Structures are given as C-alpha cells and as structure tokens.
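Comments concern the structure below.
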Amino acid sequence: MNILIIEDDQIDVMAYKRAIRKTDYKDSTILSAINAEEAFNHLQKEHFHCVFLDYLLPGQNGLELLNQIREAGYTMPVAVVTSQGDQRLAIEMMKAGAFDYFTKAEINPELLGKLLYNVHQVNQLTEERNNAEKRLKEQERFVNKIAAFSPNIIYVFDLIERKTIFINHNLFELLGYKKGDLPSTFERAFNQLIEPKDYPAFKELLYRLSFLGEDDVDETEIKLIDAEGNYNWLFARNVSFKRNDEGRTIQVLGTAINISTRKKAEEELLIAKQQAEHAATAKSEFLSNMSHEIRTPMNAIIGLTDLLLGQEFKGENLENLKAIKNSADNLLVIINDILDFSKIEAGKLSFESISFDLKERLEHVVKTMNFKAEQKGIYLKLHFKNDVPNYLVGDPFRLNQILINLVGNAVKFTGDGGVTIQVSSEHKKEREFVKFEVIDTGIGIPEEKQATIFESFSQAYTDISRNYGGTGLGLTITKRLVELQGGGLGLESEKDKGSNFYFTLPFTIGSEDQKQHLVVNDFKSKEESLKGIRILVAEDNPVNQMLIKQVLSKWAVEFIICNNGREAVDMVSTNPFDIILMDLQMPVLDGISATHEIRKLDHANSEIPIIALTADAFVETRKRVINEGFTDYLTKPFKKEDLLTKISQYTLN
C-alpha cells in the first residue's frame, strides 16, 4: 500500500512509521510532506492509497488543504490528525470529504491497523466500482458505435411519457430534418410527420405496444413525411424494453429500416399487374369479339352448306359443296386453336373430372376421323392392349381434343398405309397411367426438326402450311393440354418412315354407374316429337336468321324471329313460348339484358328456358351467361343435331 503523511513534525512522522511497521501493512511504501507544495508534488508523481493529514500546518490548516486535494480530483481516503480532539472540527473535516479523524495521542499500531484495513476495503470497493464504471462506459461506447454506424434506425420510446429516450441519427438523415425543425412535443412532432388520416392507426399502434408480451415482436409499416414533403415507408420491429409493476410495457426498444424502394417497387409491380390484367382483359375482349365476328358468318356458311348437302346435288355441284364444307371446318379448327392457345397462355383452362367409358370415347374418335382417312385411301385402326380399364375418371372432352388433334395430323401427313391408335395401361399407387400412341406411316419428321415441333407457330418444314394448311399451334396446344393434366407428350419419328406421337395421362378408376355416355341422337324421333313446340328466336344477323328459319322449318315447330332483345322481351310479355334461342350481341338491347328483363316478368314466361345461341366461344362467357339467368349455352357454328338435342332436353321432359 502507498501511504502519504502530510506532517511538518518529523517526530510525529517517525511515530506513524513505527506504528505502521507493527501492522499487517508493514511493507507499505511511506512518503512524507511538510506542506501543501510538497504534498501536491508527491500526488502528481505517485498513486497513494491513503493520506494522513495534519490539521495544523505552517501557513495553512488541514481543512483548506483537504478541499484543495478534492478539488484537484484526488479521491483516495484522507484521515485528518490533530493535536487535540475537537468535535466541531471533526464534523467540518468529514463534510469536506475526510475518511476518518483522530488525535496524535491515538497513534498506535492497533488504531492504524484498523484504519488501514478499512482503507484497503474502501480502495478495493472503489477499484471494483471504477472497473464496473469503465466496463459500463465501454459497453455504452460499443452500443453507441453500433447505433451510430448501423444502417437501421434504433430507438427507445417511452409509452407513458410519450417521448423518445434514445434515437440514433439515421431517422433525421433519412427524413432530412435538422435539430429544431420539429416541434419539441411528441404529439405535435408526429402530427407533422404522419399524414392526418394515418394518425388514428398510429395511436392504435402505441396502445397495442403497451400489451407486448415478454417474447412478443410487433412488426408494422409506417409512412412518414420528409422535409421535402415526400413519403418514406419504414418497416419497424418493436419489443418490450421496460415494464411497470403490473407487467405492462412502458418503454419499447425498436429498430426500423427504410423500405421506400421496396414499396415503390411493389406499387410499380401493382401498376404493371393492373396494366397486364387490363391488357389481358382487352386481349380477351378482342379475341371474344373476333371469335364472334368470325363465327357469325361461319355459322351461316357451315349451317347452310349442311342443309344443301342434305339435298340431291350431284357431280361438280356436290363436290363444290363438300369443298366449301371442308374449308369451313378447317377454318373452324384454326379459330379453335387460336382461342385455346389464348386460354392456355392466360391460365384460364380448366379440366373436368368425370367417369367415362374409355373404349367408347376412342371408338368415337375413330368414327369421327375415319371419313377423312377413307377419303385419302388409308386405314385408321384402334388397338387396345390387355388390362386397360373400361371406365376412368378424368376429362374425356380434353382427351378427345388431344386425340382428334394427333390423329388429324397423322391422317393429314400420311399418303400411303395408315394410322394406328394403340392404348396400354400401367397401375401405380392407386392411379391408372394410360399410354396413348398415334402411329402413322406418313412423311415423318427429321431428327433436327423434332426439338422444335412442339413450339408455338412452328412446323417441321417451311412449306408445311402451304401444302397441308394449319396454324402451327395444334401440337403446342396438345402438349400443354397433356402437361396441364400431369402427363407428358413425346415423339419418335424418322423422315419418310412415319411417326409415333405418344402421351401418358394419369386417371383414377371409374365405374359404369358414374359414366357419362356420349350422346347418341335418335334424330328422326326427336324431330317428330318437336311438332307444335313454340320457339322464340332473338337474332339480328339476316343470314343467320335465314339459317335458323330453314333448320326450324324442317322440324315442324312454330317459331318467331326477333331482330333484337327489346323485341324479344315485348314478344314474351304478351305471347306464350316453350323455349327461347337468344343471341348475346344484338342492337337496342343485348341478350343478357333481355334475359334479365324476362326473368323479372310477373307471369309464367319468366321461368321459360333460354338457350344462349352465340358466336362467343369463351368458357368465361359460358359461365357468365349461366350466372346471368340463361338455362344453357350453344356455340355458333352449331350442328343441327346439337340444337335439336338442346331444344328436346328443355321442352320434352
């Protein structure tokens, strides 16, 4: 221990030393000074654990020197010693910061030993306190550096006092405010920072924070106004920092980051999404209108050609009619391809899940395509391998579309030999994976062309469309139809030796009780049974009026044709009908609006079956008209067999 004795009497100094040598602190280093000047000289050079100060010094008393020592920043224990005891003096010295007080007569080893022990304890506690304060200051510097250099906004907010206990500089840098720019009170400051309409939500946030649990983290987005009047979005995370006796949060520790760039990107993405949706809607409306405009005249071409083919034409006239019919059918396939491609791109294609007879479906495909095969003088065969289930659950209509497309291509590109449809099956994990192969002996596809054959608007040869026709969309659509049902489409081919287009689709096993049979019309019987049925037709196109008039005239039904929806509503209001065939796009009053008015009529005709007979082939249109009050839907160009079936379905029950 280092001890300084401030004493002008050397005999007393020697007494101190003798007494200290007899204590546990006999190895202490002891220095002495006879006045203040010498004392401060020692204090500046050495660190002392204890000072013994004589009250009576030449030219200065101990109280004055003690005050000087404390003012100079020295904090070691100081024991004041006098020649005689004085209670008043002792009190003054203790007030000035003296550690202890005794008289020279009391100097002895026992007293000094106890005093030095107490000094040692005090110094030890002081050192521990100083070390703790040092660590605390280091931690504060560390935290302050983190707060200063963190890109995040860091703050401690008092929910009761409504004031910020701590906040780093980042918020003000972000918002561009300087000291004094914002009102001093919290409420007024945030009234300036937050848009008025957002303030109730902000107050709700403060209320919510007061109920934060121990491990709860509250996340929120908040919009603040910067010095230039622009909005800045912050993402804040808050945790409980201090609680009251009831356990409610009274202070929160929070961090916030600037998410203005992200919010701007989100807004731009939203705008882009809205623009894309608008463009998709515009595209859909355009295709719908184009479909309507093309299908309307095609309805007349195909319908009237069918009627003419039912008459006794021969020779060149018959061949001309067949050519017209074939060209119109090909044009309808192209239009359907374009519409299906558009629906696939828009992600609006849906699939059925119904039970059907697989063999019945495939025989129907063969029957449908056999006419074209016979025209070319080639065969069309169907071959089932063993263990293929009769009844499956899936989408028979899309399966029909896929096979018609592949078989149609095979027939188109085969001049000699023929086409075989081969079907096999494998059962895996309660599902039936059915493999379909369409094998032809046609022109084949070179290996270097096979990789692109399924791409949109692509064909194996540049002269394919010139020699064979087509949009180049058929295989693209077919491939997507297979893939969207969880299957895969492949190809094996060699130039001049034919091709094998094969695909596998997953199904579940169905049953005969569940299956939906293909409609096989007893056409003649239904024609005769319609005699006397009263039909109202709302159709504005003169050529289509002529077509429907000729079709209905052959069925011995009673019918009236109106030119628009308004005429149809007026006619239904005063005349009884069994069914209405309603076009959608008509002048004066469209078909949907006319249907609404008919459904509101206050008599029996309000429940009359209404069939939408329209050139709009979109699935969305079909769903819409059913929701708008129509009974059913039939697309133009229509087959007279399908029209007969629809009319019979709703009038003969």
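First residue of the sequence shown: -11, per my numbering; consecutive thereafter. Here a beta-carbon is modelled for each residue, glycine too, at the ideal position from N, C-alpha and C. The structure presented is a predicted model; accordingly, all values stated were derived computationally and were not measured.
Here DSSP, grouped into helix, strand and coil, assigns residue 226 to strand. In the three-state reduction of the DSSP assignment, residue 384 falls in the helix class, which pools H, G and I. DSSP, reduced to helix, strand and coil, places residue 559 within a helical segment of the structure shown. Per DSSP, the unbroken beta strand (DSSP E) holding residue 490 starts and ends at 486 to 497.
Residue 597 and residue 567 have their C-alpha atoms roughly 5 Å apart.
If you draw a straight line from the Cα of residue 564 to the Cα of residue 632, it is about 20 Å long.
Contact fails between the segment 156 to 173 and the segment 185 to 198, because fewer than three Cβ pairs, one in each stretch, are under 8 Å apart. The three-state secondary structure of residue 242, taken from DSSP, is strand. Membership of residue 570 in the beta strand (DSSP E) is indicated by the continuous run 567 to 570. Counting only runs of at least 3 residues, the segment 16 to 61 fully encloses the following beta strand (DSSP E) elements, listed from N- to C-terminal order: 17 to 21 and 38 to 42. Taking 4 residues as the minimum length, the alpha helix (DSSP H) runs contained wholly in the segment 147 to 217 are 158 to 163, 174 to 181 and 187 to 197, in order along the chain. For residue 476, the secondary structure class from DSSP, reduced to helix, strand or coil, is strand. For the segment 58 to 102, the continuous beta strand (DSSP E) assignments of 3+ residues that do not extend past its boundaries occur at 66 to 70 and 88 to 91, in sequence order. Rounded to whole angstroms, the separation of the alpha carbons of residue 289 and residue 628 is 13 Å. Under the criterion of beta carbons closer than 8 Å, residue 494 and residue 419 qualify as touching, at roughly 5 Å.
Three or more Cβ pairs closer than 8 Å define a contact, and the segment -1 to 7 falls short of that threshold against the segment 23 to 37. Contact between residue 430 and residue 385 fails: their C-beta atoms lie close to 27 Å from each other, not under 8 Å. Between the segment 261 to 279 and the segment 234 to 244, the count of C-beta pairs closer than 8 Å stays below three; the two stretches do not touch. Residue 390 sits close to residue 469, with the two beta carbons spaced by under 7 Å. Put simply, the segment 608 to 617 does not touch the segment 588 to 596. Fewer than three CB pairs are less than 8 Å apart. Taking the C-beta atoms as reference points, residue 152 is found no nearer than 7 Å to residue 97. Three or more Cβ pairs closer than 8 Å define a contact, and the segment 206 to 214 meets that threshold against the segment 156 to 164. By the CB criterion at 7 Å, residue 69 and residue 42 fall inside the cutoff. Secondary structure of residue 630 (DSSP, three-state): helix. Among the bridge pairs identified by DSSP, residue 401 is matched with none. Here residue 78 is not near residue 40, since their CB atoms are 7 Å or more apart. If you draw a straight line from the Cα of residue 167 to the Cα of residue 157, it comes to about 11 Å. Within the model, the alpha-carbon separation for residue 428 versus residue 483 is close to 12 Å.
For residue 487, the number of other beta carbons within 10 angstroms of its own is at least 16, and it is reported as buried.
Look at residue 605 here: in three-state DSSP terms it is coil, with no helix or strand label. By the Cβ-count criterion, residue 82 is exposed, with fewer than 16 other Cβ atoms from all chains shown falling within 10 Å of its own Cβ. Counting other Cβ atoms within 10 Å of its Cβ, residue 20 reaches 16 or more and is therefore classed as buried. Here DSSP, grouped into helix, strand and coil, assigns residue 428 to strand.
In the DSSP assignment, residue 423 forms a beta bridge with 412 and 492.
In this chain, the alpha helix (DSSP H) harbouring residue 0 covers -2 to 9. Distance from the CA atom of residue 207 to the CA atom of residue 193, rounded to whole angstroms, is 10 Å.
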